[in-house]
Amino acid sequence: DTGVSQDPRHKITKRGQNVTFRCDPISEHNRLYWYRQTLGQGPEFLTYFQNEAQLEKSRLLSDRFSAERPKGSFSTLEIQRTEQGDSAMYLCASSPVMGISGNTIYFGEGSWLTVV
Amino acid sequence: AQSVTQLDSQVPVFEEAPVELRCNYSSSVSVYLFWYVQYPNQGLQLLLKYLSGSTLVESINGFEAEFNKSQTSFHLRKPSVHISDTAEYFCAVSIQGAQKLVFGQGTRLTINP
């Protein structure tokens, strides 16, 4: 069990550029989650997948944001035309199929995005 | 919609002193409750959770939290803190049957020697 892995850990980009983050969940975890955390705030839910199906999306996930999990394993979160307000830490998490109700959700160490 | 309020943004305490980190939630339906800890430059780790049953839950490192339905609270306590407990602590709630966690704003626990 190597834990949830996120890449890159840090990204600095210019406003208007596109960025993509990758998340590798714990193997055999069916559910994968994306959260966003800004300085001084708790994490906010963005979206989650069960296998390759994206089952819920937050209103925070504007049309500039897209998440995929094409083969039910790793996931990518892409932000197009980045804005300064997108600066945050993007957290990925995974859990077995029982999800919150019966199993722990394991978080990665996050990907820090700074938009300049 | 659910919400979580952590009443203290920062809590400084001396080593070996007791500590309580307060958490109140709002929900019209039954919930699950969680405390997560975030050490510097690390991801979130689950500290303890309340799903059902006994209202007092404990972690392996001496923390405990008590679910109080009438007061809609889930305060975290430790009778004697250690320097290594320095971290940010997040309270979170989820509706039973849902997958989304709603987090509070976090409480930064600072331990002074």
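Sequence order for the protein chains is A and B.
Following the working numbering, the numbering of the first sequence begins with 18 at its first residue and continues without gaps.
Following the working numbering, the numbering of the second sequence begins with 7 at its first residue and continues without gaps.
Even for Gly, the Cβ is constructed at its ideal location relative to N, Cα and C.
These figures come from a predicted structure and were not determined experimentally.
If we count the other Cβ atoms within 10 Å of its Cβ and call it buried at 16 or more, is B/Phe-96 buried or exposed?
-> Counted from its first residue, the second sequence places residue 96 of chain B at position 90. So B/Phe-96 ends up on the buried side.
For the segment 31-57 of chain B, which residues have a beta carbon sitting closer than 9 angstroms to at least one beta carbon of chain A?
-> Tyr-38, Phe-40, Tyr-42, Gln-44, Asn-47, Gln-48, Gly-49, Leu-50, Gln-51, Leu-52, Lys-55 and Leu-57
Quick one: what does DSSP say B/Ile-89 is sitting in, helix, strand or coil?
-> Residue mapping note: residue 89 of chain B aligns to position 83 of the second sequence, counting from 1. If DSSP states are grouped into helix, strand and coil, B/Ile-89 belongs with the helices.
Output yes if chain B places a C-beta closer than 8 angstroms to the C-beta of A/Ile-122; else output no.
-> Residue 122 of chain A sits at position 105 when you count from the first residue of the first sequence. Judged by the 8 angstroms Cβ criterion, A/Ile-122 is in contact with chain B.
Residues in its own chain within less than 6 angstroms of A/His-27 by CB, not counting five upstream and five downstream?
-> Here the question's residue 27 of chain A lines up with position 10 in the first sequence. Contacts found: Trp-129.
DSSP state of A/Asp-24 mapped onto helix, strand, coil | In the first sequence, the residue the question calls residue 24 of chain A occupies position 7. Here A/Asp-24 sits in strand by DSSP.
For A/Phe-62, return the contacting residues in chain C, with the cut-off set at a CB-CB distance below 9 angstroms.
-> Looking at the structure shown, chain C is missing, and the protein chains on hand are A and B.
B/Asp-14 to A/Glu-95 span [Cα, whole Å] = As a first step, residue 14 of chain B must be located in the second sequence, where it is residue number 8. As a first step, residue 95 of chain A must be located in the first sequence, where it is residue number 78. Taking the straight line from one Cα to the other gives about 34 angstroms.
Taking 8 angstroms as the CB-CB limit, is A/Glu-73 close to chain B?
-> Position 56 of the first sequence, counted from the start, is the residue given in the question as residue 73 of chain A. Chain B contact via Cβ: present.
Under the assumption that B/Glu-70 contacts B/Leu-62 (Cβ atoms under 8 angstroms), give the Cβ distance between them as a whole number of angstroms.
-> Residue 70 of chain B sits at position 64 when you count from the first residue of the second sequence. Residue 62 of chain B sits at position 56 when you count from the first residue of the second sequence. B/Glu-70 to B/Leu-62, Cβ: 6 angstroms. Contact.
Along the chain, which unbroken stretches of the beta strand (DSSP E) at least 3 residues long are found entirely within the segment 25-99 of chain A?
-> 27-30, 36-41, 48-54, 61-67, 70-74, 82-85 and 92-96
Is B/Gln-8 helix, strand or coil when you go by DSSP?
-> Looking up residue 8 of chain B in the second sequence gives position 2. Coil.
Give the single residue among A/Gly-102, A/Tyr-107 and A/Lys-88 whose Cα lies nearest to the Cα of A/Asn-47.
-> As a first step, residue 47 of chain A is located in the first sequence; it is residue number 30 there, counting from the start. Comparing Cα positions, the closest option is A/Lys-88.
Would you tell me roughly how many angstroms separate the C-alpha atoms of B/Lys-75 and B/Val-35, rounded to the nearest one?
-> Position 69 of the second sequence, counting from 1, holds the residue named residue 75 of chain B. Position 29 of the second sequence, counting from 1, holds the residue named residue 35 of chain B. Approximately 11 angstroms, taken between the alpha carbons.
Are A/Glu-73 and B/Lys-55 closer than 8 angstroms when you measure CB to CB?
-> As a position in the first sequence, residue 73 of chain A is number 56, starting the count at 1. As a position in the second sequence, residue 55 of chain B is number 49, starting the count at 1. No. Outside cutoff.
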